[in-house]
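Chains as they are written, first to last, in our numbering: chain A, 1 to 236; chain B, 1 to 80; chain C, 1 to 309.
Have a look at the structure below before the remarks.
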Amino acid sequence: MLEQVKDWDDDFYEKFKPIAMGFVNEAEKCLQCGKCTGQCPAAAVTPSYNPRKIIRDLVNGNLKRVLSSVELWQCFFCSGCFSVCPMDINFPFFVFMFRLAAMNEGYGWEDVKQLEGYAEKDYLRKGITVSTFERNPEVVETIGDISKIRMEAGLPPERKVSDRGLAEINMISDLSGMTSFMKKIGGVELLDCKTCNDEQAKRCKTKPLPSKVGKIKTKLRFYNYGEPGGKAHAEA
Amino acid sequence: MADNFLEAYGKETSRDVGTRTMNYFRELFSLEMPLGRMMKMMPGMIKFATASKDTREDLFKFMPQMMPMMKQAFTGKKEE
Amino acid sequence: MPRLDKVTQIPKPEQIFFFKSCVASNKYPGIESCGWESLKILGVEPVDSDEQTCCGGFVTFANVAAPTASMPAVARNLSLAEEKNLDTCVLCNGCWTFLNEFGHFMNHNEEVKASVNMMMNMMGREYKGTSNVYHIAEMFYRLKDDIAKNVKRPLKGVKVATHYGCHYLGGGKYTAIDDAQMPTYMEELIEILGGTVVPYTANRECCGTGFTQIINGKDLSLEHTQHKLDSVQEADPDLLIVQCPYCHSQLDRVQQQLNYRQGANYQTPVIHIAQLIGLGLGLPVPKLAFAAHISGRQRLEEVLDRIGR
Numbered sequence: 001m002l003e004q005v006k007d008w009d010d011d012f013y014e015k016f017k018p019i020a021m022g023f024v025n026e027a028e029k030c031l032q033c034g035k036c037t038g039q040c041p042a043a044a045v046t047p048s049y050n051p052r053k054i055i056r057d058l059v060n061g062n063l064k065r066v067l068s069s070v071e072l073w074q075c076f077f078c079s080g081c082f083s084v085c086p087m088d089i090n091f092p093f094f095v096f097m098f099r100l101a102a103m104n105e106g107y108g109w110e111d112v113k114q115l116e117g118y119a120e121k122d123y124l125r126k127g128i129t130v131s132t133f134e135r136n137p138e139v140v141e142t143i144g145d146i147s148k149i150r151m152e153a154g155l156p157p158e159r160k161v162s163d164r165g166l167a168e169i170n171m172i173s174d175l176s177g178m179t180s181f182m183k184k185i186g187g188v189e190l191l192d193c194k195t196c197n198d199e200q201a202k203r204c205k206t207k208p209l210p211s212k213v214g215k216i217k218t219k220l221r222f223y224n225y226g227e228p229g230g231k232a233h234a235e236a
Numbered sequence: 001m002a003d004n005f006l007e008a009y010g011k012e013t014s015r016d017v018g019t020r021t022m023n024y025f026r027e028l029f030s031l032e033m034p035l036g037r038m039m040k041m042m043p044g045m046i047k048f049a050t051a052s053k054d055t056r057e058d059l060f061k062f063m064p065q066m067m068p069m070m071k072q073a074f075t076g077k078k079e080e
Numbered sequence: 001m002p003r004l005d006k007v008t009q010i011p012k013p014e015q016i017f018f019f020k021s022c023v024a025s026n027k028y029p030g031i032e033s034c035g036w037e038s039l040k041i042l043g044v045e046p047v048d049s050d051e052q053t054c055c056g057g058f059v060t061f062a063n064v065a066a067p068t069a070s071m072p073a074v075a076r077n078l079s080l081a082e083e084k085n086l087d088t089c090v091l092c093n094g095c096w097t098f099l100n101e102f103g104h105f106m107n108h109n110e111e112v113k114a115s116v117n118m119m120m121n122m123m124g125r126e127y128k129g130t131s132n133v134y135h136i137a138e139m140f141y142r143l144k145d146d147i148a149k150n151v152k153r154p155l156k157g158v159k160v161a162t163h164y165g166c167h168y169l170g171g172g173k174y175t176a177i178d179d180a181q182m183p184t185y186m187e188e189l190i191e192i193l194g195g196t197v198v199p200y201t202a203n204r205e206c207c208g209t210g211f212t213q214i215i216n217g218k219d220l221s222l223e224h225t226q227h228k229l230d231s232v233q234e235a236d237p238d239l240l241i242v243q244c245p246y247c248h249s250q251l252d253r254v255q256q257q258l259n260y261r262q263g264a265n266y267q268t269p270v271i272h273i274a275q276l277i278g279l280g281l282g283l284p285v286p287k288l289a290f291a292a293h294i295s296g297r298q299r300l301e302e303v304l305d306r307i308g309r
C-alpha cells in the first residue's frame with residue numbers, strides 16, 4: 001500500500017549532484033530549520049511560497065509537485081536564504097536549474113516569453129540587456145531625452161558595443177545552444193480569449209483559459225504548496 | 001487545489017519525470033562533442049567568419065586545433 | 001563591521017578595468033560618469049573597452065538564455081581585462097556576483113574551463129582566470145583615506161539611509177567585505193563625507209525587484225517594495241543610497257508607480273554610492289545626472305542648495 005502512495009524518485013538527487021557540478025551539492029544536509037522561509041521576501045508577501053518545502057521535495061524527488069508549481073516561479077533570487085542557511089545550501093541555484101526542468105516539462109513558458117525581448121532584441125543585437133526605451137509615459141515626460149543627459153554628464157550620447165563584440169556574443173549564442181533555446185521560446189504564442197480566433201481556439205487545449213497556443217506544448221501551473229496569498233487574494 | 005498536478009500528470013510517476021529531467025540536464029550540460037553537436041555549431045562559425053575581416057583571421061588561426069576534434073567527431077574514437 | 005582582512009587584500013591599483021553596467025548606462029548615466037570621475041580623483045585610472053558587453057546575468061537567470069551560454073559570456077568579458085593585465089571594477093551587484101561566481105567556478109573546474117577556452121580560442125581570446133572582480137563600493141571603502149582627503153562638498157546635515165542590495169552581501173557571503181546581516185561599510189563612507197546616517201527597520205530587506213518578478217509577478221514585487229518604502233519614509237532620509245543600479249531603478253521607479261496607482265506620496269531621492277561619492281568629491285552637477293531620476297527630484301534640488309552646487 002505504502003509503495004502506491006509514495007510517488008517519489010528517491011535516487012534523483014544523487015544522480016543530479018554530479019550534473020550540477022558543485023553548484024548545488026549540499027542540499028541533502030538540509031536541517032529543515034526554515035530560516036530561509038523566515039527571511040524570504042517572497043514568502044512575506046505570499047504565504048504559499050516556502051523554500052523549505054521546495055528543498056524537501058527536491059531532495060526527496062517529489063518532482064511532479066515541484067515542477068508543476070507556480071511557487072517555483074515566485075522566487076526573488078535575492079540569495080537571502082543562502083546568506084542565512086546554516087548548511088550553506090545555495091537555494092537560488094536550485095530554483096534556476098529546476099525552472100529549466102519545468103520548462104522542459106512545459107510549465108512556465110508564459111513567464112519566459114515575456115522576457116524574450118531582453119535577450120533577442122537587446123542582448124544579442126545591442127550587447128546591452130536593458131535598453132533606453134521607456135514604457136511609462138510619465139517617466140518619459142519627467143526625464144526627457146536620456147542621450148541629452150548622457151551628453152551633459154560627459155558621456156557619448158549612446159553607449160555602443162563594437163561590431164566585433166556583437167559578433168562574438170552572437171557566436172557564443174550560436175555555439176552554446178542559446179540561439180536554438182530562444183527559437184523554442186519564439187515558438188510560444190501568448191494569446192488571450194479576447195483576441196483569440198476560431199483556428200486558434202481549435203488548437204487550444206485548455207478551453208476555459210486559452211492563454212497559450214504554440215509549437216511547444218505548454219501547460220498551466222498550479223498552486224501546489226497551499227492557497228495563494230498576498231493583498232490581491234486577501235481582498236478577493 | 002493541491003492535488004491538481006496529479007490529474008495533469010495522470011499515470012506518470014515521479015520516476016518517469018525524474019528520468020526525463022535527468023536526460024534533459026545531461027544533454028544540456030554535456031561537455032562531449034559528438035558529430036551532431038559539431039554540425040549544429042557550424043552555422044554559427046560561418047556567421048562569425050563572414051562578419052568581418054579580423055574575425056575571419058582569428059577563426060582561421062584556430063583551424064589547426066580544430067582538425068583533430070573533427071576527426072574524433074567523425075570517427076567517434078579518441079585519438080591516442 | 002567590515003572584514004578588515006578582506007579589505008586589505010583589495011589592491012590599490014594605478015589602473016582598473018571599468019566594467020559598465022546596462023542599467024547604469026541606459027537609465028542612470030550619472031552612475032557611470034560619477035564612478036569614472038571619482039575613481040580618477042582618487043588616483044585610480046579607469047580603463048574601458050567598447051568590446052565589453054552586458055554581463056549576461058539577467059538573461060541567464062531569467063531563463064531566456066540557455067545556461068550554457070553564460071560561462072563563455074563571463075569568460076569573454078573577464079578576458080578583456082586580462083588582456084590588459086588589470087582587475088575589473090563593476091558598478092552593479094548583479095555583475096559582481098555573476099562574474100565573480102562563474103569565474104570562480106571555471107577556475108576550479110578544469111573541464112569546463114577547457115571547453116569554454118575552446119570557444120574563446122575561436123575568437124582569438126583566452127580565459128586564464130587571473131583577473132579579480134571588485135565592486136566599486138569595495139574600492140571606495142579601500143580608498144576611504146583618499147576620499148577623506150578629497151572631500152570638497154561636505155554633506156553637512158544631510159540625512160542618509162542605506163540599502164545594500166542582496167546579490168552583493170547575500171549571494172557572495174564568503175567573498176564580500178562585510179557581514180551579510182549587519183553591514184556597516186557604507187555608513188562609514190557616509191560619515192567620512194560628513195553626512196548623518198539614518199537607520200530604518202527594513203534596511204536589510206530586498207528592494208523587491210525579484211529579478212524578473214517586477215515583470216512577471218508585479219503584485220508580489222510592488223507589495224514588497226511598498227513595505228520597504230513605508231519603512232524608509234518613516235525614517236525620512238534626504239537620500240537613500242544603493243550600490244546596485246537595479247535596486248536603484250526599482251526603488252526610484254516604483255515610488256512613482258505607487259503614487260500613481262494608490263495616490264500615495266513617496267518622495268525619497270535614491271542615488272547610487274558612486275553618485276554620493278561624486279557629490280562629496282565636488283563633481284559638477286551635470287556630471288551627477290540627477291535629471292535622469294524620477295522620484296524626489298525637488299528634494300534632491302533642496303539638498304544640492306543646502307550643500308552648495
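Ideal Cβ positions, reconstructed from N, Cα and C, are used throughout, including at glycine.
message: Cutting at 6 angstroms between CB atoms, please list the residues of its own chain near LEU357/C, excluding the five before and the five after it.
response: A query on residue 357/C cannot be resolved here, the shown segment of chain C reaching from 1 to 309 and no further.
- request: Specify whether the stretch 35-52 of chain B and the stretch 44-61 of chain A touch according to this definition: at least 3 beta carbon pairs, one from each stretch, less than 8 angstroms apart.
  value: no
field: Option nearest CYS75/A by Cα separation, candidates VAL112/C, VAL232/C and LYS218/C
entry: LYS218/C
- prompt: So PHE74/B is in the alpha helix (DSSP H); what residue range does that whole segment cover?
  reply: 53-75
query: Under the three-state reduction of DSSP, which class applies to GLN181/C: helix, strand or coil?
result: DSSP places GLN181/C in coil when its eight states are reduced to three.
query: Taking Cβ-Cβ distances shorter than 9 angstroms, what residues in chain C pair up with LEU59/B?
result: MET122, MET123 and GLY124
message: To be precise: take each residue of the stretch 26-55 of chain B, compare its Cβ to all Cβ atoms of chain A, and keep it if any distance is under 8 angstroms. Which residues remain?
response: ARG26, LEU28, PHE29, LYS40, MET41, PRO43, GLY44, MET45, LYS47, PHE48, ALA51, SER52, ASP54 and THR55
message: Among the candidates LYS113/A, GLU110/A, PHE93/A and GLY226/A, whose CA atom is the shortest distance from the CA of ILE19/A?
response: The residue among LYS113/A, GLU110/A, PHE93/A and GLY226/A with its C-alpha nearest the C-alpha of ILE19/A is PHE93/A.
Residues of the stretch 88-122 of chain A whose Cβ lies closer than 8 angstroms to any Cβ of chain B, in chain order: MET97, LEU100, ALA101, ASN104 and GLU105
query: Which value, in whole angstroms, describes the spacing of the CA atoms of GLY261/A and LYS217/A?
result: The requested residue 261/A is not part of the displayed model; chain A covers only 1 to 236.
message: For GLN298/C, report the span of its alpha helix (DSSP H) as first-last.
response: 297-307
message: Looking at the secondary structure, which residues open and close the beta strand (DSSP E) in which GLU45/C lies?
response: Counted as a single uninterrupted DSSP element, the beta strand (DSSP E) harbouring GLU45/C occupies residues 45-47.
field: chain C residues whose Cβ lies nearer than 9 angstroms to that of LYS160/A
entry: Those within 9 angstroms of LYS160/A in chain C are ASP50.
- prompt: How many angstroms separate the CA atom of ALA161/C from the CA atom of GLN257/C?
  reply: 22 angstroms
message: Assuming contact is defined by CB atoms lying nearer than 7 angstroms, are CYS30/A and ILE55/A in contact in what I supplied?
response: Taking a C-beta distance under 7 angstroms as the contact criterion, CYS30/A and ILE55/A qualify as a contact pair.
- prompt: What residues from the stretch 62-78 of chain C come within 8 angstroms of chain B, judged by C-beta to C-beta, listed N to C?
  reply: ALA66, PRO67 and THR68
- request: Specify, as a first and last residue, the run of the alpha helix (DSSP H) that LYS53/A falls within.
  value: Here the alpha helix (DSSP H) through LYS53/A covers 51-60.
- prompt: Using Cβ-Cβ distances below 7 angstroms, what residues of the stretch 278-307 of chain C are close to chain A?
  reply: Along the stretch 278-307 of chain C, going in chain order, the ones with a CB nearer than 7 angstroms to a CB of chain A are PRO286, LYS287, ALA289, ALA291, ALA292 and ILE294.
query: Which residues of chain B have a Cβ atom closer than 7 angstroms to the Cβ of ARG56/A, listed in chain order?
result: Correct list: empty, because the minimum Cβ distance to chain B is about 14 angstroms.
- prompt: Can you find a CB in chain A that lies within less than 7 angstroms of the CB of PHE140/C?
  reply: no
- prompt: Can you list the residues of chain C that PHE62/B reaches, using a CB-CB cut of under 7 angstroms?
  reply: ASN121 and MET122
query: So what does PHE19/C bridge to, in DSSP terms?
result: VAL90/C
message: Only counting the same chain, and skipping five residues up and downstream in sequence, which positions put a Cβ closer than 6 angstroms to that of GLY57/C?
response: Excluding positions up to five away in sequence, the list reads GLY94 and PHE98.
query: If you follow the alpha helix (DSSP H) that LEU31/B is part of, which residue opens it and which one closes it?
result: Note, LEU31/B: premise wrong, no alpha helix (DSSP H); not H, not E.
query: Can the beta-carbon of VAL188/A be found closer than 7 angstroms to that of TRP109/A?
result: yes
message: Quick check on HIS293/C: does DSSP put it in helix, strand or coil?
response: coil
- prompt: Between the stretch 138-169 of chain A and chain C, which residues of the former have CB atoms less than 7 angstroms from a CB of the latter, in chain order?
  reply: GLU138, VAL139, THR142, ILE143, ILE146, ILE149, ARG150, GLU152, ALA153, GLY154, LEU155, ARG159, LYS160, VAL161, SER162, ARG164, GLY165, GLU168 and ILE169
- prompt: At least one CB of chain B closer than 7 angstroms to the CB of GLU83/C: is that the case?
  reply: Between GLU83/C and chain B, the shortest Cβ-Cβ separation is not below 7 angstroms.
- prompt: Hey, would you say VAL270/C sits closer than 7 angstroms to LEU251/C, going by beta carbons?
  reply: Yes, these two residues count as a Cβ contact at 7 angstroms.
query: Excluding the five sequence neighbours on either side, which residues of its own chain have a C-beta within less than 6 angstroms of the C-beta of ASN62/A, listed in chain order?
result: TRP8
query: Roughly how many whole angstroms lie between the Cα atoms of ALA73/B and ASN117/C?
result: 18 angstroms
task: Identify each residue in the stretch 11-26 of chain C for which the Cβ-Cβ distance to at least one residue of chain A is less than 8 angstroms, and report them in chain order.
output: LYS20, CYS22, VAL23, SER25 and ASN26
- prompt: By a C-beta neighbour count over all protein chains shown, 10 Å radius and 16 as the cutoff for buried, is PHE133/A buried or exposed?
  reply: exposed
message: Please confirm whether GLU111/C has its beta-carbon closer than 7 angstroms to some beta-carbon of chain B.
response: The beta-carbon of GLU111/C is placed less than 7 angstroms from the nearest beta-carbon of chain B.
LEU143/C to LYS12/C span [Cα, whole Å]: The straight-line gap from Cα to Cα measures roughly 8 angstroms.
query: Taking the alpha-carbon positions, what's the ASP48/C to LEU193/C distance?
result: 28 angstroms
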